[in-house]
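Under my numbering, the residue at position 5 of the sequence shown is numbered -14, and the numbers go up by one with no gaps.
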Amino acid sequence: MGAGRWSRWVAAVGGLGLALTSAGTGTPVRAQSNADWPQHNLDLRGGRYSPLNQINTSNVGSLALKWSYELAGDNIAQVTPLVVDGVMYFNAGSRLLAVNGTTGQVLWDVRVEPAFPGTGRGPAYANGRIYAYGRSVLYAVDAKTGRIVDSFGNKGRLLIADLAVRFKYPDRDPTGYQMVAPPAYFNGTLYVGLAQSEGHIPGGLVVAIDAATGAIKWVFSTVPQSPNDDAWELTKDTWIGGVRAGGGMWTQPAIDPDLGLIYINAGNPSPDYEGTARKGINLFTNSILALNLQTGKLVWHYQTIHHDLWDWDLVTGPILFDVNLGARTIKGVGSGGKNCFLYLFNRENGKPINPIVEMAVPTASDVPGEAAWPTQPFPHTSKGVPMQPFCSTFPIISDPELAKRARQMFFPYSTKELFIVSHGGGSFGSPAFSPRTGLLYVTGKNAAISFLVKVVGDKLRPDSTPIGHTATMGQRDNNTGVTPTETVTAYNPATGEVTWQEEHPSRTNIGSAGNLATAGDVVFQGSDTGDFYGLDARSGRQLFKYSSPKGIRASPLTYQVNGKQYVAVVATSSILTFGLP
C-alpha cells in the first residue's frame, strides 16, 4: 500500500527516535509428540506463535484437507477451537463438543441448559475443565465427559455479568453486559472481560474469578463511575456532560507472570458517533491498560484515540513480544485498531517503543454541541516518520461524484452530508509474533462506508438497537465505490517499519480474522472469501491456498498429535483441518 493512500495530510516529523535492530531469530524448535493449543491465542502472551515446524515453507504447498466437521444450523464464524491431549473442543451457542483431533470423530456432544444465545469466540480450558460462555453466562464442564461441574458457580453456571456488576455497583442494572472473548487463565484465576453492546450503560469491566469456584476476586472498571473506583482521579475530569459509558472489553487479555501484569484493551466510548454529552478525552476508552494481576489496580495506561467519534477502538487483542534494541532487550506489548494504526509499547512502563506524536486533526463539525479533540496520537517509526498503517486510511474512489464525498480519517461525521470514509481496520483476530523472524503480523481490512449522523429526539434516550442511542444511529448506504480487500502486514516492532504487506480479495467491509505464525516460517491467514492462505513469514510470498465455499472470519490454530502436525480453521459453520500427505 503506497504512502499516498494514507498520508494525504499527515506531515512527516523528522529527527525522532533511534535506528533499531530487529529481534534475534533463534533456531527451529523440535516439538514433542503432542503439542496442544490450550488457549484462544495459544499462550498467555497472546502471541499466536507455535514452535511446531513439521509443516514449513518447503512442504506447506502440499497440505491437504484431512477432515472437516459441519455444524448444521450453527454459526461458529469467530470461534477458535482448543486442542488438549489430542482432543479438540469448541462450542456453538449452548452446544459443546469434543472431537478426536486426528479424525473429527465426536467424543461427546452436550447441550447446556438453560440454553443461551451467542457463541463468542470459543471456549477456555484450565485444569481439566472447559469454560464455555454465552452473553452473560459462564459454564464449567468436565473436559473428559462434558458433564457440568457442580462445584463451579451455581451448579456449574455463573451469571458473570450480574455478579460482577453487583460486586462493583450494587445499585446498577447488569442488563446489556456480555462476554465476547474467552477468559484468560493463570494460576487458578480466570480473567474475564465484559462489554455492553455499545449501549448506554456504565463502562467495561475486567473481572478476576476463582477458576475452581467462580468466586469474584476483584473487578476493574475501564470507565470509573465514582470516587470509590480505582483511578477515579485520573478520569473524573475527562468526561463532561453527564455520560460515562463505553470502554467494553472485546478481546482476550494477555498476561506477563514475571511482571505480575495483565494487559487489556478498552473499547470506544458511547454514544459511538457523537460526543455532545461526553466532552473530553473520555479515559480509559480506546486505551491499552496494564493492571496488577493480584489486585486489579491500574499500573499504566495509554489512550490511542481521544474523544472517539468513529468507533475506532483497539479490536485486536494485546500481544506480548520481546525485541532487541542494540544492546538491550525491550519487553513489548502491541495492539492494532480500527483506524489501521499499530501501537507498540514497553510493557513494563507503557512508554512507546518509538515516538507516538500528537498531531492536529480536523475538528469542524455541524453536530450541535460537538467538541472534537484537536489532536490524535500518530505512531512513528524509529526514523521519525509516521508508521505505515496496515490498511487504507483514505478511500480511493474512481467515480468522480462519489470521490467528492470521500473524507480523510479523523474527520467528524456530519448531520447534513453523507460522507464516505475508510472502514474496517483491524477487527476480531489478534496479531501473531514470530521470535524467529522478529516480525509482528497484523491483518486488516481496506473498505469504506457511507455515514450520516442522525440526531433524533433526546440524545441520551436509549433505543432498541445495539448502538444504544438514537443520536448515534446513522444513515448508511453501500454505494461507496470501494471494493474491499484484506491485508497481512509484517512489521519490525523494533523500528515500526513494514517488511512486507500482502493484499487479498474480500467480500465485506467489516472484520478480518487473526493469523498464526509457526517455527516452520509460515503465516496462516483466512479470508471472508473462504480462501485460506499459507504465506512465507519472511517475504509474504503465497505458498498455499485452499478455497472454501464459506467465509473465514476465525483465527487459525495448529497442534500436533502422535507426531503429526495439523492446522485448523473455522469457516462459518465448518471446521477445516489440514495436514501433510
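For each residue, glycine too, the CB sits at the ideal point set by N, CA and C.
- Rounded to the nearest angstrom, the Cβ distance from Leu186 to Ala145 is 5 Å, consistent with a contact under 8 Å.
- In the three-state reduction of the DSSP assignment, Trp213 falls in the helix class.
- Rounded to the nearest whole angstrom, the C-alpha separation of Thr362 and Gly67 is 43 Å.
- For Asp143, the three-state secondary structure derived from DSSP is helix.
- Selection Ser408, Val463, Leu420 evaluated against Ile430 yields Val463 as nearest (Cα-Cα).
- Residue Phe392 holds the alpha-carbon nearest to the alpha-carbon of Ser346 among Val41, Phe392, Pro333, Ala258.
- Annotated three-state conformation of Pro333 is strand, per DSSP.
- Here the alpha carbon of Trp220 sits roughly 42 Å from the alpha carbon of Asn108.
- Within the model, the alpha-carbon separation for Pro164 versus Gln20 is close to 9 Å.
- Pairing Val200 with Lys332, the inter-Cα distance amounts to about 25 Å.
- Rounded to whole angstroms, the gap between the alpha carbons of Thr170 and Ala189 is 6 Å.
- A distance below 8 Å between beta-carbons, with the five flanking residues on each side excluded, links Ala413 to the following residues of its chain, in chain order: Gly28, Arg29, Tyr30, Ile300, Leu421, Tyr422, Gly495, Asn496, Leu497, Ala498, Val504.
- When Arg309, Ser408, Ala500 are compared, the shortest CA-CA separation from Arg102 is found for Ser408.
- If you ignore the 5 residues before and after Val87, its C-beta comes within less than 6 Å of the C-beta of Val80, all in its own chain and listed in chain order.
- Here the alpha carbon of Ser529 sits roughly 6 Å from the alpha carbon of Asp512.
- Contact between Ser508 and Lys531 is absent: CB atoms are separated by about 11 Å, not below the 8 Å threshold.
- In this structure, the alpha-carbon of Asp152 lies about 54 Å from that of Lys526.
- If you check the CB distance, Pro416 and Gly313 do not come in under 7 Å.
- Secondary structure at Val280: strand, using DSSP grouped into helix, strand and coil.
- In the DSSP assignment, Glu484 falls within the unbroken beta strand (DSSP E) covering 478 to 486.
- A residue is called buried once 16 or more other Cβ atoms fall within 10 Å of its Cβ, and Gly317 is buried on that count.
- According to the DSSP assignment, Pro360 belongs to the beta strand (DSSP E) that extends over 356 to 360.
- Following the DSSP letters along the chain, one finds Glu51 inside the beta strand (DSSP E) bounded by residues 45 to 51.
- In the three-state scheme derived from DSSP, where H, G and I count as helix and E and B as strand, Ala105 is classed as strand.
- Residue pairing by DSSP places Phe326 opposite Val314, Pro333 in a beta bridge.
- Arg259 sits buried, since 16 or more C-beta atoms from the chains shown fall within 10 Å of its C-beta.
- By the neighbour-count criterion, in which 16 or more other beta carbons inside 10 Å mark a residue as buried, Asn427 falls on the buried side.
- A Cβ-Cβ separation of about 7 Å places Met368 in contact with Leu323 under the 8 Å criterion.
- A contact between stretches requires three or more CB pairs, one per stretch, nearer than 8 Å, and the stretch 374 to 382 fails this requirement with the stretch 338 to 353.
- In the three-state DSSP reduction, Asp292 falls in the coil class, being neither helix nor strand.
- Between the beta-carbon of Tyr166 and that of Arg138 there is about 19 Å, and that puts the pair past the 8 Å contact cut.
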